[in-house]
Amino acid sequence: MTPTLTPGAASTAALVLDLAGTFAFALNGALTAVRAARLDIVGVVTLGMITALGGGILRDILLGALPPATFSDWRYLLVATAGGLIAFALSRQLDRITLSITVFDALGLGLFAVTGAARALDLGAGAGQAVLLGGITAVGGGTLRDVLVRRIPSVLSSELYAVPALLGALVVVVADRLGSTAVAWSLAGAALAFTVRMLGVGFRINAPTPPGWRGAPDD
Amino acid sequence: MTPTLTPGAASTAALVLDLAGTFAFALNGALTAVRAARLDIVGVVTLGMITALGGGILRDILLGALPPATFSDWRYLLVATAGGLIAFALSRQLDRITLSITVFDALGLGLFAVTGAARALDLGAGAGQAVLLGGITAVGGGTLRDVLVRRIPSVLSSELYAVPALLGALVVVVADRLGSTAVAWSLAGAALAFTVRMLGVGFRINAPTPPGWRGAPDD
Amino acid sequence: MTPTLTPGAASTAALVLDLAGTFAFALNGALTAVRAARLDIVGVVTLGMITALGGGILRDILLGALPPATFSDWRYLLVATAGGLIAFALSRQLDRITLSITVFDALGLGLFAVTGAARALDLGAGAGQAVLLGGITAVGGGTLRDVLVRRIPSVLSSELYAVPALLGALVVVVADRLGSTAVAWSLAGAALAFTVRMLGVGFRINAPTPPGWRGAPDD
């Protein structure tokens, strides 16, 4: 196990990135609640919190790092709640609410891919597992969100959702294996994930929602 | 960590409340299976058990208290199974099955809010976390139930579902911080949660089920 | 705790059975993604992996055995991914894709029922819990799969899904209590579970999909 959580700039940067990803996903989850399901303020903030904290909690469970940091640390809870409330308050003023939902999701995806992979490495995971766990941290919250509002999850229906997350995680893991834990690599990985995700959204018509499964004749 | 699980009347009362909440949620989950999804006896008992045990298991995972007490302790498994079987046997005789579903859900909500918060405190959680964990214990089983029968979960769609649970948990946590762990406070918190929930149900037309999300044009 | 994982043929056989179950569920999950939801290759492999690994991960969480073996051991990840890719490649050549889905699911169900129960016993679980955990390992992956593609889970809607799994687990646990951990009992239990499941499929018209719950008038 190579502990890289040393006091100082590096871990502060990691925390800031993780809180930024939490905030982005809270905005995304809350706006999804407003847009897709017409929920009230409690529902909006709740879905925002689940989307914001779900990925990190799932990663910590898989790593056996309980209680999960994203649940125990008041800063994550505060940022997640704040994101939900802010999104609720501003939702009516957003002209392009669908675009906002997509952009915040992509931001969260990129940030969590790198912070999730870094945390996995810090807790002793191997390279392959850290890439996978970075991907899981990135897509986990959004998957919970999609299930709760009864959508087929983006991670299944959209080709460039898991892939950009894994790419971002890969950048961090490769850099770590080459001996560098500089924050610049995390930023690069997050930017790569975000860019690939948004390119996928931009160049494709959104992946068609699969027809609801209703006991098709031969199934 | 302030251990308050002392042998004697206090912990027996806590266990009774927790088993009562388990039983209420088992009845609720089983009746939901009968009413909403026309499931057979295995499905009815299974959904009853998931609803009855889900919240406590989720709370214990988040607290890192594994294996979860509600899964290891045979009394919980017995009560959950019994509730499912009883509900299945009596379901045809219930004139007001929908009201029963709602009442049992509210009973379970109130009881689990206080027992969940108390258990979180016993395991060393801070005040804010204990309130949140009491809320999660209360709404967790019902949320799993709703997802499995493909509903938007009550915790998102109904304004007075999470709030009464958090209020009940708050009573227990405030009492604890003021130095009292008397069972009377747990009963008061559970009653408050139950009452607020039922008032919400009574004064509002049930929150409209959000229209199913089917790839709306601009999403 | 009675450790029975002794080096040698017994544990190799257990590993082979567990990997075989993983492979069967990966094929099943991937084919479900192709058939039910028309997903792309990433979605197909992802759903295959979730179906293949989900039951074991859930069991290990409930046992407190973290990180879960099925997530940490690269052989499980490899087999799960391979199953997904193979299913994707061959899906167009399968005439009877629905039958294949059902058969692979039944194979995974039977194998995981026995390996899950055996692992629970190895980690010190009591007899009743090991039967329950074998059942959970067997139905867990399929339940996650069903929720993600928005179906009512087989474990709720199909009478002979949980029951065959519990029967298979019971064979292993009874044999263990009578002093035998011979692989023959695992094979017998898996065969029993598979047979009962397929008989249930064969003799019944598939359990009718419950009508979608859409805010029925009196609910």
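Protein chains in written order, with the UniProt record's numbering: chain A, 1 to 219; chain B, 1 to 219; chain C, 1 to 219.
Glycine is no exception: its CB is placed at the ideal position from the N, C-alpha and C atoms.
Checklist entry - Just how far apart, CA to CA, sit B:Val171 and B:Leu199? => result If you draw a straight line from the Cα of B:Val171 to the Cα of B:Leu199, it comes to about 18 Å.
Item to check | Buried or exposed by the 16-neighbour rule on C-beta atoms within 10 Å, applied to B:Ser158 | outcome: A residue is called buried when at least 16 other Cβ atoms come within 10 angstroms of its Cβ; B:Ser158 meets this threshold and is buried.
Checklist entry - Can you name, in chain order, every residue of its own chain whose Cβ lies under 7 Å from the Cβ of C:Ser91, other than the five neighbours on each side? => result Sequence-distant Cβ neighbours of C:Ser91 in its own chain, meaning closer than 7 Å and more than five residues away, are Leu31, Val34 and Ile97.
Item to check | Contacting positions in the segment 149 to 171 of chain A - beta carbon closer than 9 Å to chain C | outcome: Residues of the segment 149 to 171 of chain A that bring their beta carbon within less than 9 Å of a beta carbon in chain C comprise Arg150, Arg151, Ile152, Pro153, Val155, Leu156, Ser157, Ser158, Glu159, Leu160, Tyr161, Ala162 and Val163, in sequence order.
Checklist entry - Between B:Ala190 and B:Val147, what straight-line distance do the alpha-carbon atoms span, to the nearest angstrom? => result Straight-line spacing of the CA atoms in B:Ala190 and B:Val147 works out to 25 Å.
Next on the checklist: By the DSSP assignment, the alpha helix (DSSP H) with C:Asp60 in it spans what residues?
Outcome noted: Boundaries of the alpha helix (DSSP H) harbouring C:Asp60: Ile41 to Leu63, taken from the DSSP string.
Next on the checklist: Taking 7 Å as the threshold (C-beta atoms), are C:Ala120 and C:Ala130 in contact?
Outcome noted: At a Cβ-Cβ threshold of 7 Å, C:Ala130 and C:Ala120 count as neighbours.
Checklist entry - Would you call the segment 69 to 79 of chain A and the segment 101 to 116 of chain A touching, i.e. three or more CB-CB distances under 8 Å? => result In short, these stretches do not touch, since the Cβ pair count stays below three.
Next on the checklist: Considering Cα atoms alone, identify which of C:Gly48, C:Arg204, C:Leu15 and C:Leu17 is closest to C:Leu144.
Outcome noted: Of the listed residues, the one whose Cα sits closest to C:Leu144 is C:Gly48.
Checklist entry - Could you give the residue range of the alpha helix (DSSP H) that holds A:Gln93? => result From DSSP, A:Gln93 is part of no alpha helix (DSSP H); its letter is neither H nor E.
Checklist entry - In chain C, which residues lie less than 8 Å from B:Ala33 when you measure between Cβ atoms? => result What B:Ala33 touches in chain C: Leu156.
Item to check | Integer-rounded CB distance, given that C:Val149 should sit under 8 Å from A:Ile152 | outcome: For A:Ile152 against C:Val149, the beta-carbon gap comes to about 7 Å, under 8 Å, which counts as contact.
Next on the checklist: Please confirm whether A:Leu47 has its beta-carbon closer than 7 Å to some beta-carbon of chain C.
Outcome noted: No, no contact with chain C.
Next on the checklist: Any beta carbon from chain B within less than 7 Å of A:Leu109's own beta carbon?
Outcome noted: By the rule that beta-carbons nearer than 7 Å mark a contact, A:Leu109 does not touch chain B.
Checklist entry - Between A:Ile136 and the rest of its own chain, which residues show a CB-CB distance below 8 Å, the 5 nearest in sequence each way excluded? => result Correct list, in chain order: Gly55, Leu58, Arg59, Leu62 and Gly116.
Item to check | Neighbour list for B:Gly128 in chain A, Cβ cutoff strictly below 8 Å | outcome: Ordered by position in chain A, the residues that pass the 8 Å Cβ test against B:Gly128 are Trp74 and Leu77.
Item to check | Where C:Pro153 sits in the DSSP three-state scheme | outcome: DSSP places C:Pro153 outside both helix and strand once states are collapsed to three, so it counts as coil.
Next on the checklist: With the cut-off set at 7 Å, would you say B:Leu66 and C:Gly126 are in Cβ contact?
Outcome noted: No.
Checklist entry - If you draw a straight line from the C-alpha of A:Ser180 to the C-alpha of B:Asp122, how long is it? => result A:Ser180 and B:Asp122 have their C-alpha atoms roughly 42 Å apart.
Item to check | chain B contact for C:Leu63 (CB, 7 Å cutoff) | outcome: For C:Leu63, the answer is yes, since a Cβ of chain B falls inside 7 Å of its Cβ.
Checklist entry - Taking C-beta to C-beta, are C:Val183 and C:Ala13 nearer than 7 Å? => result In this structure, C:Ala13 lies closer than 7 Å to C:Val183 by Cβ.
Item to check | Boundaries (first-last residue) of the alpha helix (DSSP H) holding C:Ala125 | outcome: First-last for C:Ala125: undefined, no H or E at that position.
Next on the checklist: Quick test of your reading: A:Gly83 and A:Ala26, contact by CB under 8 Å. State the CB separation rounded to the nearest angstrom.
Outcome noted: In this structure A:Gly83 touches A:Ala26 by the C-beta definition: roughly 3 Å separates them, less than 8 Å.
Checklist entry - How long is the line joining the alpha carbons of A:Val103 and C:Ile101, rounded to whole angstroms? => result Spanning the two alpha carbons is a distance of roughly 37 Å.
Checklist entry - Do the CB positions of A:Leu109 and A:Ala165 come within less than 7 Å of each other? => result Against a cut-off of 7 Å, the Cβ pair of A:Ala165 and A:Leu109 comes out as a contact.
Next on the checklist: Taking 7 Å as the limit between beta carbons, can you name the residues of its chain near A:Leu85, skipping five residues before and five after?
Outcome noted: Correct list, in chain order: Val45.
Next on the checklist: For a test of the three-state rule: what should DSSP assign to C:Thr181, helix, strand or coil?
Outcome noted: C:Thr181: coil per DSSP, three-state reduction.
Checklist entry - Does the Cβ-Cβ distance between B:Val139 and B:Val163 come in under 7 Å? => result No; because the gap between Cβ atoms is not below 7 Å, this pair is not in contact.
Next on the checklist: Using the Cβ count rule (16 or more neighbours within 10 Å means buried), how would you classify B:Leu78?
Outcome noted: Residue burial is scored here from C-beta neighbours: B:Leu78 has fewer than 16 other C-beta atoms within 10 angstroms and is therefore classed as exposed.
Next on the checklist: Please report the straight-line C-alpha distance between C:Gly141 and A:Thr81, rounded to a whole angstrom.
Outcome noted: Going from the Cα of C:Gly141 to the Cα of A:Thr81 covers about 32 Å.
Checklist entry - What in chain A is Cβ-close to C:Val42, meaning under 9 Å? => result Val155, Leu156, Ser158, Glu159, Leu160, Tyr161, Ala162 and Val163, listed in chain order.
Checklist entry - So, does the CB of C:Leu66 fall closer than 7 Å to a CB anywhere in chain A? => result Yes, C:Leu66 lies at the interface with chain A (some Cβ there is under 7 Å from its Cβ).
Checklist entry - Are B:Phe88 and B:Ile41 close, meaning C-beta to C-beta below 7 Å? => result Judged by their CB atoms, B:Phe88 and B:Ile41 are nearer to each other than the 7 Å cut-off.
Next on the checklist: Quick check: the Cα distance between A:Val16 and C:Arg177, rounded to an integer number of angstroms?
Outcome noted: Spanning the two alpha carbons is a distance of roughly 54 Å.
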